[in-house]
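Chains A, B and C supply the protein sequences, listed in that same order.
Quick note: the first sequence uses our numbering, first residue 1, plus one each step.
Quick note: the second sequence uses our numbering, first residue 1001, plus one each step.
Quick note: the third sequence uses our numbering, first residue 2001, plus one each step.
Beta carbons: idealized from backbone N, C-alpha and C, even for Gly.
If you're wondering where the values come from, they're calculated on a predicted model, not measured in any experiment.
Below is one structure, written out as structure tokens; comments come after it.
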Amino acid sequence: MRLSLAEPNYLKDSVSIISELVNEAVFKVKPNAVELVAMDPANVAMVIFKMLSSAFVEYQVDKEVDIAINLANLKQILKRAKSSDTLVLELAEDKLKVQLKGENTRTFFLPIIDIEDKEQRIPDLKFPVSIKTKTNVLSEAIEDVGVVAESVSLVINDKVLTVLAEGDLSKAKIEIPSKGDTIIVSESPDTIKAKYSIEYLKKMMTASKVADDVTIQFNKDYPLKLDYKSVDKIFLSFILAPRVESD
Amino acid sequence: MRLSLAEPNYLKDSVSIISELVNEAVFKVKPNAVELVAMDPANVAMVIFKMLSSAFVEYQVDKEVDIAINLANLKQILKRAKSSDTLVLELAEDKLKVQLKGENTRTFFLPIIDIEDKEQRIPDLKFPVSIKTKTNVLSEAIEDVGVVAESVSLVINDKVLTVLAEGDLSKAKIEIPSKGDTIIVSESPDTIKAKYSIEYLKKMMTASKVADDVTIQFNKDYPLKLDYKSVDKIFLSFILAPRVESD
Amino acid sequence: MRLSLAEPNYLKDSVSIISELVNEAVFKVKPNAVELVAMDPANVAMVIFKMLSSAFVEYQVDKEVDIAINLANLKQILKRAKSSDTLVLELAEDKLKVQLKGENTRTFFLPIIDIEDKEQRIPDLKFPVSIKTKTNVLSEAIEDVGVVAESVSLVINDKVLTVLAEGDLSKAKIEIPSKGDTIIVSESPDTIKAKYSIEYLKKMMTASKVADDVTIQFNKDYPLKLDYKSVDKIFLSFILAPRVESD
């Protein structure tokens, strides 16, 4: 296996985003893409990552390889990459060998770790609503409601997405209509409302670094799915369990 | 009541400055201005704030209203305002409704709190000296003396303001003569000296954000008064009790 | 004694760098230069500083004076200097008088402290290898290896400097060949390897602020010496004891 990236920032940013939610994970290096599917330790959020072979300047993979790695360690090493460096990934000495080639060549060896092989299956979800918008529209709405509460309700009604949060005393409401950069498609004439953790959403919002647009899908008391896509090179999705009201 | 601001930064900065000294306060919304007079919890400093109706693009006040509010909460919400947003303040549902209107409309509701109705009276102070200078001249002098001590003496002698501090071992002295941007007017031929807390002064220095000039007034073992004025829209004053030497 | 500097940044940065390693030290004000030689409290590192009289616009020294000073305090005061200020150093009232002359004159008095008079002698070291390179090449290599370990091996072999670190699990290696801005001179045909503390090296790397180039000298299980020189005005050197492997 030998993978070379001329623009290390894609991988650097992706690993940084994923490491917000997951400590350890398995990269599946397949003939046509590098993939990762992982749950956060509390089993509340899933992250799905895919980087196509076309994103690499060199993509030499004879057979599929699983590379289990500590993401915090990998993030630390990738942080040392400058945008002008070429990044080379190989397996050597039972380790992941990461080379940053710039003025000088810096070589890092990261231990392959053991992860109990519970293959993560991506759940098959169906959603009645889909909202496509600019990543900053969603990020700012989450920041806004984060000022007053710890969980947020997303509400779709009459082609308007309402982001709603109530704290003990204060409350916040952002209305995002289907216009301009925001396109709301709903198959249901009814109001659809679901509640999610702001803490998790804030971590997911860091994905704004790799994409300009986000697709938001959810349903009543049902998981939320966020899809970020970067120029057909990187796909980053999050699935977040709902907070179901106990009243 | 309905007040609209086209430039939310004036209010945003003012609330941020006031919240350095005061946790909770009453905004008095009068027909011609919004006013606030409050003491810090230790009763050492008073802040006096006034924002004229002319600062607002819409100022609809039928009768005077008192709005008691937690300033830290209000500050957090105003922080979400972008300079391009229009800020609208109303009363609704027994709460203060704050709307930030930009690309999308974000609405916040803040609880009106109960504050024991001890109306703050602005003391009637007379000062023999008055120094008008650039805010950064005063701020930097306070930062300078903050390096060596916790309290500072202000001394007027022969048209020179001396900012003086002595720590256990080190000491610092800044001389600011009446020239250039600094105009010193003293009615007394004598040396006038008084001592104040640097910690409080540093908090007051954040008012540099809303004004370019500051007027400093004080007297021997007597309160200090700082006046900041922003283009006839905002008046922000501080009164600080002296530290009287016990020798 | 009266010393004036038109560019306070040289002294400001130097004191900031030295204070990373040393809390208290003696400045020897000699007729032709200000000098300082000090050990860090753990006796692992020595810092050697020299600022030539030619760096000053006024250098009035009748006889050699020793000024023992708390460097953290001095650093705090020098931080208040703007690059446009003139900095004047004198002795007055048994204190070090530091004047910052800009729009206004700010005067600080720092206590002269007592330091047990153990004159620091600079050890007479001989090195078989010398590497001259850009400060950022060395700084980045130290940052790189700092990601995986707490100590670093420097290895010279065949005109290549290898910076090598092994943590419990990860490892890192940077190869810096003798080319471009890097010139490696070795008197020995053998491989030379020695190990040093990354924590100390990181503190020394702050000297990049005052110089563009660094000269690195070391030997097997022997101290390391780093020399920074700033336009013939400032000489800053560090000597660092090796970490000798106990195997």
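{"Query": "Within 9 angstroms, strictly: CB atoms of residue 2147 (chain C) and residue 108 (chain A)", "Result": "yes"}
{"Query": "Nearest-angstrom Cβ-Cβ length linking residue 1141 (chain B) and residue 1163 (chain B), presumed shorter than 8 angstroms", "Result": "4 angstroms"}
{"Query": "Residue span of the beta strand (DSSP E) that contains residue 236 (chain A), given as start and end", "Result": "234-240"}
{"Query": "Straight-line Cα distance separating residue 19 (chain A) from residue 155 (chain A)", "Result": "29 angstroms"}
{"Query": "Residues that DSSP places opposite residue 1209 (chain B) in a beta bridge", "Result": "For residue 1209 (chain B), which the question treats as bridged, DSSP gives no partner whatsoever."}
{"Query": "Cross-chain neighbours of residue 2173 (chain C) in chain A, by beta carbon under 9 angstroms", "Result": "105, 106, 107, 108 and 109"}
{"Query": "Validate contact between the stretch 17-36 of chain A and the stretch 78-86 of chain A using beta carbons, cut 8 angstroms, 3 pairs", "Result": "no"}
{"Query": "Residue 2169 (chain C) versus residue 2137 (chain C) - alpha carbon distance", "Result": "25 angstroms"}
{"Query": "Within 7 angstroms of chain B by C-beta, residues of the stretch 2064-2088 of chain C in sequence order", "Result": "2073, 2076, 2077 and 2080"}
{"Query": "Coil, strand or helix - residue 141 (chain A) by DSSP", "Result": "helix"}
{"Query": "Same chain, Cβ closer than 6 angstroms to residue 1224 (chain B), five either side skipped, listed in chain order", "Result": "1196, 1218 and 1240"}
{"Query": "Backbone CA spacing between residue 2085 (chain C) and residue 2008 (chain C) [nearest angstrom]", "Result": "7 angstroms"}
{"Query": "Whether residue 2047 (chain C) touches residue 2022 (chain C) by CB criterion (9 angstroms)", "Result": "yes"}
{"Query": "Contact check, residue 1174 (chain B) vs residue 1131 (chain B), beta carbons under 9 angstroms", "Result": "no"}
{"Query": "Chain C contact for residue 1221 (chain B) (CB, 9 angstroms cutoff)", "Result": "no"}
{"Query": "Rounded straight-line distance, which links the Cα of residue 1214 (chain B) to that of residue 1247 (chain B)", "Result": "With a pLDDT of 46 at residue 1247 (chain B), under the threshold of 50, the modelled position of that residue is not reliable, and no figure is offered here."}
{"Query": "Nearest to residue 1145 (chain B) (by Cα), restricted to the options B:1202, B:1067, B:1113 and B:1034", "Result": "B:1202"}
{"Query": "Listed by chain order, chain A residues near residue 2143 (chain C) by CB distance under 9 angstroms", "Result": "80"}
{"Query": "At least 3 beta-carbon pairs within less than 8 angstroms: the stretch 116-131 of chain A vs the stretch 96-103 of chain A", "Result": "no"}
{"Query": "Rounded Cβ spacing between residue 1001 (chain B) and residue 1061 (chain B) (contact assumed at less than 8 angstroms)", "Result": "5 angstroms"}
{"Query": "Positions along the stretch 1156-1181 of chain B whose CB lies within less than 7 angstroms of some CB in chain C", "Result": "1169, 1170, 1171, 1172, 1173, 1174, 1175 and 1176"}
{"Query": "Cβ neighbours of residue 1185 (chain B) in the same chain (closer than 6 angstroms, five flanking residues each side left out)", "Result": "1130"}
{"Query": "8 angstroms contact criterion, which residue 2011 (chain C) and residue 2087 (chain C) should meet: CB distance rounded", "Result": "7 angstroms"}
{"Query": "Cβ neighbours of residue 1237 (chain B) in the same chain (closer than 6 angstroms, five flanking residues each side left out)", "Result": "1048 and 1227"}
{"Query": "Chain C contacts from the stretch 1022-1053 of chain B (Cβ-Cβ distance under 9 angstroms)", "Result": "none"}
{"Query": "Residue 191 (chain A), DSSP secondary structure in three states", "Result": "coil"}
{"Query": "Partners in chain A for residue 2152 (chain C), counting only beta-carbon separations shorter than 9 angstroms", "Result": "Under the 9 angstroms cutoff, chain A gives no residues; its nearest Cβ is about 13 angstroms from residue 2152 (chain C)."}
{"Query": "Spatial distance of residue 2178 (chain C) from residue 2161 (chain C) (CA atoms)", "Result": "8 angstroms"}
{"Query": "Short CB-CB distance (under 9 angstroms) between residue 1137 (chain B) and chain C", "Result": "yes"}
{"Query": "Straight-line Cα distance separating residue 106 (chain A) from residue 2017 (chain C)", "Result": "27 angstroms"}
{"Query": "Simplified DSSP assignment, three categories, for residue 1010 (chain B)", "Result": "helix"}
{"Query": "Closer than 9 angstroms to chain B by CB, residue 93 (chain A)", "Result": "no"}
{"Query": "Range of the contiguous alpha helix (DSSP H) that encloses residue 75 (chain A)", "Result": "71-79"}
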